[in-house]
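Trainee: For reference, the structure I am asking about is given below.
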Ligand SMILES: NC(=O)c1ccc[n+]([C@@H]2O[C@H](COP(=O)([O-])OP(=O)(O)OC[C@H]3O[C@@H](n4cnc5c(N)ncnc54)[C@H](OP(=O)(O)O)[C@@H]3O)[C@@H](O)[C@H]2O)c1
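Numbering (my numbering), first residue to last: 1464 to 1773.
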């Protein structure tokens, strides 16, 4: 069994390390986080590995996962260079290094001076590592980089019941942007929706209860029917007056927030203005979809002008 060091055993790092430990895929060697308390917490969660308080104290391992935030990957790789240089003669060959960023290519690890580099991006939201331990199976992992590392990582992820796809470095940014739009921005839309319910006097708990069935049903419809057939509501029906009333209501909300807020509390002011803007931008983006679903040219023109003039 190959050994694995984890630098950055946060949400993703601790989940993968736990699953690989449980499945006997990797022997978990060293763990290093920014704070010693967080490293110990990760060790407890994983139930394996040695928590170290200094990067230089990480033991030798055949595979290294750098699961630090994206902006820290290159500097962490550079900090690892002297450590890897020290272990290389012992191991006889360069260790394998990989990161899990969706947007960055494997080459961002080049500052480590290691030769065997890869990136492996699980298309999964690690919001809660405990839930991810059971929810990760079935997810896709996008692999890119050295063939030798991919030959190790592909079976490692398949052992967790993940499906793998292969990307080139130039595909990564747009591939990840697609995933951010459908996944992260869905969460942002949920939050914005709750703010509008709140403005209507409906509390979060009631709003969540009424949203859950329709949001889940909409997600299912999207996968079963595709976005054009899943789209329902006033836009696709050509209910121009309803859309005009909603656009106006959001404009009034932004206006009333900007007059009632004092200078030191501008958050909701900015949010209400942003809400109105997002409603219009998404409305515009929905028009080609609505047209595919049967919206008339005339209704489309009227809706377009509502979104343009607001
Ligand atoms: N979260 C997701 O849903 C998800 C999905 C796919 C891919 N990814 C990728 O996975 C990677 C990690 O994301 P995450 O969500 O797991 O992040 P996270 O929960 O914030 O964890 C990051 C970990 O890195 C540690 N760290 C930060 N700076 C460090 C440094 N300079 N040296 C050593 N350790 C450092 C942190 O230590 P402390 O705990 O001490 O602060 C923390 O344990 C990213 O590349 C991300 O793009 C994440």
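Note that CB positions come from ideal geometry on N, CA and C, so glycine has one too.
To the nearest angstrom, how far is it from the Cα of residue 1639 to the Cα of residue 1605?
Mentor: Counting from one through the chain shown, the residue named residue 1639 turns up at place 176. Counting from one through the chain shown, the residue named residue 1605 turns up at place 142. Distance between the alpha carbons of residue 1639 and residue 1605: 10 Å.
Trainee: Is the closest heavy atom of ligand 1 to the C-beta of residue 1473 under 6 Å?
Mentor: As a working note, residue 1473 is residue 10 in the chain shown. Yes; taking the cut-off as 6 Å, the Cβ of residue 1473 has a heavy atom of ligand 1 nearer than that.
Trainee: Measuring only from the beta carbon, is residue 1574 closer than 6 Å to any heavy atom that is part of ligand 1?
Mentor: Start at 1 with the first residue of the chain shown, and residue 1574 comes out as number 111. Outside the cutoff, so no.
Trainee: State the start and end residues of the unbroken alpha helix (DSSP H) segment that holds residue 1639.
Mentor: For the purposes of this step, residue 1639 is identified with residue 176 of the chain shown, where counting begins at 1. Segment 1635-1642, the alpha helix (DSSP H) holding residue 1639.
Trainee: Could you pull the start and end residues of the beta strand (DSSP E) that residue 1605 belongs to?
Mentor: The residue labelled residue 1605 in the question sits at position 142 within the chain shown. Counting along the chain, the beta strand (DSSP E) containing residue 1605 begins and ends at 1603-1608.
Trainee: Taking the straight line between their C-alpha atoms, what separation do you get for residue 1764 and residue 1684?
Mentor: Here residue 1764 refers to the residue found at position 301 of the chain shown. Here residue 1684 refers to the residue found at position 221 of the chain shown. Roughly 27 Å between the two C-alpha positions.
Trainee: Which of the three DSSP states is assigned to residue 1621 in this structure?
Mentor: As a position in the chain shown, residue 1621 is number 158, starting the count at 1. Helix, per DSSP.
Trainee: Check each candidate in 1517, 1527, 1516, 1499 and name the one with the smallest Cα separation from residue 1490.
Mentor: Here residue 1490 corresponds to residue number 27 of the chain shown, with the count starting at 1. It is 1527.
Trainee: Would you mind working out which of 1760, 1568, 1520 sits nearest residue 1546, comparing C-alpha positions?
Mentor: As a position in the chain shown, residue 1546 is number 83, starting the count at 1. Comparing Cα positions, the closest option is 1520.
Trainee: Under 8 Å: do the region 1747-1762 and the region 1700-1707 share three or more Cβ pairs, one atom per stretch?
Mentor: Touching, yes, given that three or more Cβ pairs across the two stretches are closer than 8 Å.
Trainee: Can you tell me which residues form a DSSP beta bridge with residue 1653?
Mentor: Reading the chain shown from its first residue, position 190 is the one you call residue 1653. Note: residue 1653 sits in no beta bridge, so no partner.
Trainee: Using only alpha-carbon positions, find the residue among 1696, 1711, 1580, 1500 that is nearest to residue 1814.
Mentor: Look at the range of the chain in this structure, 1464 to 1773, and you will see that residue 1814 is not part of it.
Trainee: Terminal residues of the continuous alpha helix (DSSP H) containing residue 1769?
Mentor: The residue you call residue 1769 lines up with position 306 of the chain shown. From DSSP, the alpha helix (DSSP H) with residue 1769 extends over 1760-1772.
Trainee: Given a cut-off of 7 Å on the beta-carbon distance, is the pair residue 1564 and residue 1578 in contact?
Mentor: Translated into positions along the chain shown, residue 1564 becomes position 101. Translated into positions along the chain shown, residue 1578 becomes position 115. For residue 1564 and residue 1578, no; Cβs fall outside 7 Å.
Trainee: Residues in its own chain within less than 8 Å of residue 1626 by CB, not counting five upstream and five downstream?
Mentor: Mapped onto the chain shown, residue 1626 falls at position 163. Counting only Cβ-Cβ distances below 8 Å, and skipping sequence neighbours, we find 1601, 1602, 1603, 1604.
Trainee: Cutting at 8 Å between CB atoms, please list the residues of its own chain near residue 1561, excluding the five before and the five after it.
Mentor: In the chain shown, residue 1561 corresponds to position 98, counting from 1. Around residue 1561: 1526, 1527, 1528, 1529, 1569, 1572, 1580, 1581, 1582, 1583, 1608, 1612, 1616.
Trainee: Is residue 1491 helix, strand or coil when you go by DSSP?
Mentor: Stepping through the chain shown from its first residue, residue 1491 is reached at position 28. Three-state DSSP puts residue 1491 in a strand.
Trainee: Between which two residues does the alpha helix (DSSP H) carrying residue 1484 extend?
Mentor: Reading the chain shown from its first residue, position 21 is the one you call residue 1484. Note, residue 1484: alpha helix (DSSP H), 1474-1485.
Trainee: For residue 1468, which beta-bridge partners are listed by DSSP?
Mentor: Residue 1468 sits at position 5 when you count from the first residue of the chain shown. According to DSSP, which records beta bridges pairwise, residue 1468 is partnered with 1527.
Trainee: Looking only at C-alpha atoms, which of 1481, 1544, 1566 sits nearest to residue 1631?
Mentor: For this step, residue 1631 is matched to residue 168 along the chain shown. When each option's Cα is compared against that of residue 1631, the closest is 1566.
Trainee: Quick one: residues in its chain with C-beta nearer than 6 Å to the C-beta of residue 1468, no 5 flanking neighbours on either side, listed in chain order?
Mentor: Locating residue 1468 in the chain shown gives position 5, where the first residue counts as 1. Contacts found: 1492, 1493, 1521, 1524, 1527.
Trainee: Rounding to the nearest angstrom, what Cα-Cα distance links residue 1667 and residue 1486 in this structure?
Mentor: What you label residue 1667 is simply residue 204 of the chain shown in a count that begins at 1. What you label residue 1486 is simply residue 23 of the chain shown in a count that begins at 1. Going from the Cα of residue 1667 to the Cα of residue 1486 covers about 40 Å.
Trainee: So, helix, strand or coil for residue 1579, using DSSP?
Mentor: As a first step, residue 1579 must be located in the chain shown, where it is residue number 116. Three-state DSSP puts residue 1579 in a strand.
Trainee: So what's residue 1626 in DSSP terms, helix, strand or just coil?
Mentor: Numbered from its first residue, the chain shown carries residue 1626 at position 163. In the structure shown, residue 1626 sits in a strand (DSSP, three-state: E or B).
Trainee: What does the Cβ neighbour count give for residue 1677, buried or exposed, with the cut at 16 atoms within 10 Å?
Mentor: As a position in the chain shown, residue 1677 is number 214, starting the count at 1. Exposed, since its Cβ has fewer than 16 Cβ neighbours within 10 Å.
Trainee: Can you look up residue 1521 in the DSSP assignment and give me helix, strand or coil?
Mentor: In the chain shown, residue 1521 corresponds to position 58, counting from 1. Note: residue 1521 maps to coil in three-state DSSP.
Trainee: Taking all protein chains shown into account, do 16 or more other C-beta atoms lie within 10 angstroms of the C-beta of residue 1478, making it buried, or fewer, making it exposed?
Mentor: As a first step, residue 1478 is located in the chain shown; it is residue number 15 there, counting from the start. Its Cβ being crowded by 16 or more others within 10 Å, residue 1478 is buried.
Trainee: Excluding the 5 residues flanking residue 1749 on each side, which residues of the same chain have their C-beta closer than 6 Å to its C-beta?
Mentor: On the chain shown, position 286 is the one that residue 1749 refers to. Taken in chain order, the residues that qualify are 1698.
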